[in-house]
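Engineer: One structure coming up, written as structure tokens, with questions to follow.
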Ligand SMILES: [Zn+2]
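Residue numbers (our numbering): 53 to 514.
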């Protein structure tokens, strides 16, 4: 095992290690950044008198808005940057347009090594070993997930094929069938699409991919019945990870018990508490939630060197499961598999984080447009689709002008938010108007995943 000592350690050892590391990290950020020195001093927080990890709660929570304000004051990395610029070896940016602000994370060589190690450890837990063929389908960019997946595969010593640029048919025929992978990293929606395409091409995953030990999924919630169906069709196990930019990759990952436990219920994702302090807080009271309850995940990086975070609010809604819940015996607390959601309206589409505000900004930049509505779904072929209906202000706009505008906007959206959308015109006066809180988007992907029906004899199309 890569980290047997950690997996077999007692809860007491883990908590002792956290306190020791946290003391060092707090001293590090206090002495290295004006931003944290100011925050600690404003709160009257004596970081060198830390008695237990819970003392962290004397500090206020840190929000995305705090980070963006800091970056505006001290561009481009903010006053929270803890290293000199010559130590930065990579940059991670949250997705979004400059209009709504992108958080910038400076990564040092140590940060990159750390991110890769967390992933490598998780791959190992999923059953992958050195030399195993591993296919990565997430496109590499400035977001942290795909980079972590690649760096972890390299660290593990897996035989790695990053196949994101190729279309799904090539992925299946040129790469999967030829190389017979031991593991594949996908989103749930993309796995549905691969499954449907297998059916269309006459490929039986069970027979064609006998070496497959693990299908690794992340980024979206999914119905448990869908997970069971996928495990049957592919004759392997599904493993989930939860990650975010603020954690620099992997924050929690499933273990040998998979996403469905022995009782046929949703499994556990073990929080990476060796490297991070996690709190799951009630948004109303700010208190830690009880076992089994949902709350917002708040994190404090214990090792991050370039742009560390202390008590950052992720806006991710998770169900807290204390250590001892999972039958594997690891000492770490967990969150429930398959149900991580958002408190705000950020959407994860094709492994990209999409903010409705970013879409609003691009669409309403055209004065001819009155209102719009968006819908994210999984179609009958398992493909994720984004459809946007546009309503024009004037009924008298010539057809030619409308067509041209929709084409231009389509390109702007693809470049601006990184996801292709199908644009169409809505009848005049047909779309709901929003006076207060806007709800322009609907997400019907769970229904779509359910629709990918299969029998024991293979998939069948609707
Ligand atoms: Zn476990």
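Just so it is clear, CB atoms sit at the ideal spot from N, CA and C, and this is done for glycine as well. Note that the structure is predicted; figures quoted are calculated from it, not measured.
Can you find the residues in the same chain that come closer than 8 angstroms, C-beta to C-beta, to residue 367, ignoring five residues on each side of it along the sequence?
Structural biologist: Counting from one through the chain shown, the residue named residue 367 turns up at place 315. Hits under 8 angstroms: 116, 348, 394, 395, 396 and 398.
Engineer: In angstroms with no decimal places, state the Cα-to-Cα distance between residue 98 and residue 262.
Structural biologist: One-based indexing of the chain shown puts residue 98 at position 46. One-based indexing of the chain shown puts residue 262 at position 210. Each residue's Cα considered, the two are about 57 angstroms apart.
Engineer: Taking 7 angstroms as the cut-off, is the CB of residue 467 close to at least one heavy atom of ligand 1?
Structural biologist: Stepping through the chain shown from its first residue, residue 467 is reached at position 415. Not under cutoff, so the answer is no.
Engineer: Look up residue 245 in the DSSP assignment and say whether it is helix, strand or coil.
Structural biologist: Numbered from 1 along the chain shown, position 193 holds the residue referred to as residue 245. Correct three-state label for residue 245: helix.
Engineer: How is the beta strand (DSSP E) around residue 493 delimited, first residue to last?
Structural biologist: Taking the first residue of the chain shown as position 1, residue 493 is located at position 441. 493–495 is the span of the beta strand (DSSP E), which, as asked, contains residue 493.
Engineer: Can you name the residues that DSSP bridges to residue 352?
Structural biologist: Counting from one through the chain shown, the residue named residue 352 turns up at place 300. Looking at the DSSP assignment, residue 352 forms a beta bridge with 329.
Engineer: Tell me, to the nearest whole angstrom, how far the beta carbon of residue 187 is from that of residue 202; I am working on the premise that it is less than 8 angstroms.
Structural biologist: Stepping through the chain shown from its first residue, residue 187 is reached at position 135. Stepping through the chain shown from its first residue, residue 202 is reached at position 150. Not confirmed; about 12 angstroms, so no contact.
Engineer: Using C-beta distances below 8 angstroms, list every residue in its chain close to residue 205, excluding the 5 sequence neighbours before and after it, in chain order.
Structural biologist: As a first step, residue 205 is located in the chain shown; it is residue number 153 there, counting from the start. Cβ neighbours of residue 205 beyond the five flanking positions: 171, 172, 175, 186, 188 and 212.
Engineer: Could you check what DSSP says for residue 129 in three-state terms: helix, strand or coil?
Structural biologist: As a working note, residue 129 is residue 77 in the chain shown. Correct three-state label for residue 129: coil.
Engineer: Pair every Cβ in the region 259–274 with every Cβ in the region 240–247, then say whether three or more of these pairs are closer than 8 angstroms.
Structural biologist: Taking 8 angstroms as the limit for Cβ pairs, the verdict is that the region 240–247 does touch the region 259–274.
Engineer: Helix, strand or coil for residue 387, going by three-state DSSP, please let me know.
Structural biologist: Within the chain shown, numbered from 1, the residue matching residue 387 stands at position 335. In this structure, residue 387 counts as strand in the three-state DSSP scheme.
Engineer: Looking at ligand 1, does it come within less than 7 angstroms of residue 115, judged from the CB to the closest heavy atom?
Structural biologist: Stepping through the chain shown from its first residue, residue 115 is reached at position 63. No, since every heavy atom of ligand 1 falls outside the 7 angstroms radius drawn around the Cβ of residue 115.
Engineer: Closer than 7 angstroms to a non-hydrogen atom of ligand 1 - does that hold for the CB of residue 382?
Structural biologist: If you number the chain shown from 1, residue 382 lands on position 330. Because some heavy atom of ligand 1 lies under 7 angstroms away, the Cβ of residue 382 counts as near it: yes.
Engineer: Using a Cβ-Cβ cut-off of 6 angstroms (strictly less than) and excluding sequence neighbours within five positions of residue 59, which residues of its own chain qualify?
Structural biologist: Taking the first residue of the chain shown as 1, we reach residue 59 at position 7. The answer, listed in chain order, is 382.
Engineer: Counting along the chain, where does the beta strand (DSSP E) carrying residue 157 start and finish?
Structural biologist: For the purposes of this step, residue 157 is taken as the residue at position 105 of the chain shown. That run of the beta strand (DSSP E) goes 156–160.
Engineer: If you draw a straight line from the alpha carbon of residue 136 to that of residue 159, how long is it in whole angstroms?
Structural biologist: Locating residue 136 in the chain shown gives position 84, where the first residue counts as 1. Locating residue 159 in the chain shown gives position 107, where the first residue counts as 1. Distance between the alpha carbons of residue 136 and residue 159 is about 11 angstroms.
Engineer: If you count every other CB in all the chains shown that lies within 10 Å of the CB of residue 210, and 16 or more means buried, which is it?
Structural biologist: By 1-based counting over the chain shown, the position of residue 210 is 158. Classification for residue 210: buried.
Engineer: In the DSSP output, which residue or residues are listed as bridge partners for residue 340?
Structural biologist: As a first step, residue 340 must be located in the chain shown, where it is residue number 288. In DSSP, residue 340 forms a bridge with 333.
Engineer: If you follow the beta strand (DSSP E) that residue 269 is part of, which residue opens it and which one closes it?
Structural biologist: Translated into positions along the chain shown, residue 269 becomes position 217. Its beta strand (DSSP E) spans residues 266–270.
Engineer: For the region 317–334 against the region 297–307, are there 3 or more C-beta pairs whose distance is under 8 angstroms?
Structural biologist: Enough Cβ pairs lie closer than 8 angstroms, so yes.
Engineer: May I have the straight-line CA-CA distance separating residue 405 from residue 179, to the nearest angstrom?
Structural biologist: As a first step, residue 405 must be located in the chain shown, where it is residue number 353. As a first step, residue 179 must be located in the chain shown, where it is residue number 127. Residue 405 and residue 179: Cα-Cα distance of roughly 29 angstroms.
Engineer: Using the DSSP secondary-structure output, state which residues sit across from residue 427 in a beta bridge.
Structural biologist: Translated into the one-based positions of the chain shown, residue 427 becomes position 375. Partner(s): 439 and 494.
Engineer: Buried or exposed for residue 482, going by 16 or more other Cβ atoms inside 10 Å?
Structural biologist: Looking up residue 482 in the chain shown gives position 430. Classification for residue 482: exposed.
Engineer: What do you get for residue 196, buried or exposed, if any count of 16 or more other CB atoms within 10 angstroms of its CB means buried?
Structural biologist: Looking up residue 196 in the chain shown gives position 144. Counting Cβ neighbours within 10 Å, residue 196 comes out buried, since at least 16 surround it.
Engineer: Between which residues of its own chain and residue 435 is the CB-CB distance below 7 angstroms, once the five residues before and five after are set aside?
Structural biologist: What you label residue 435 is simply residue 383 of the chain shown in a count that begins at 1. Taken in chain order, the residues that qualify are 245.
Engineer: Just list the beta strand (DSSP E) runs in the region 172–237, keeping only unbroken ones of 3 residues or longer that don't cross its boundaries, in chain order.
Structural biologist: Those beta strand (DSSP E) runs which fall completely within the region 172–237 and span 3+ residues are 185–188 and 211–214.
Engineer: My understanding is that residue 125 touches residue 131, with C-beta atoms under 8 angstroms, so please give their C-beta distance in whole angstroms.
Structural biologist: Sequence index remark: in the chain shown, residue 125 carries index 73 (1-based). Sequence index remark: in the chain shown, residue 131 carries index 79 (1-based). That pair is a contact at about 7 angstroms.
Engineer: Using only the heavy atoms of ligand 1, determine whether one of them is closer than 7 angstroms to the beta carbon of residue 322.
Structural biologist: Within the chain shown, the letter at position 270 stands for residue 322. Yes, Cβ of residue 322 sits closer than 7 angstroms to a heavy atom of ligand 1.
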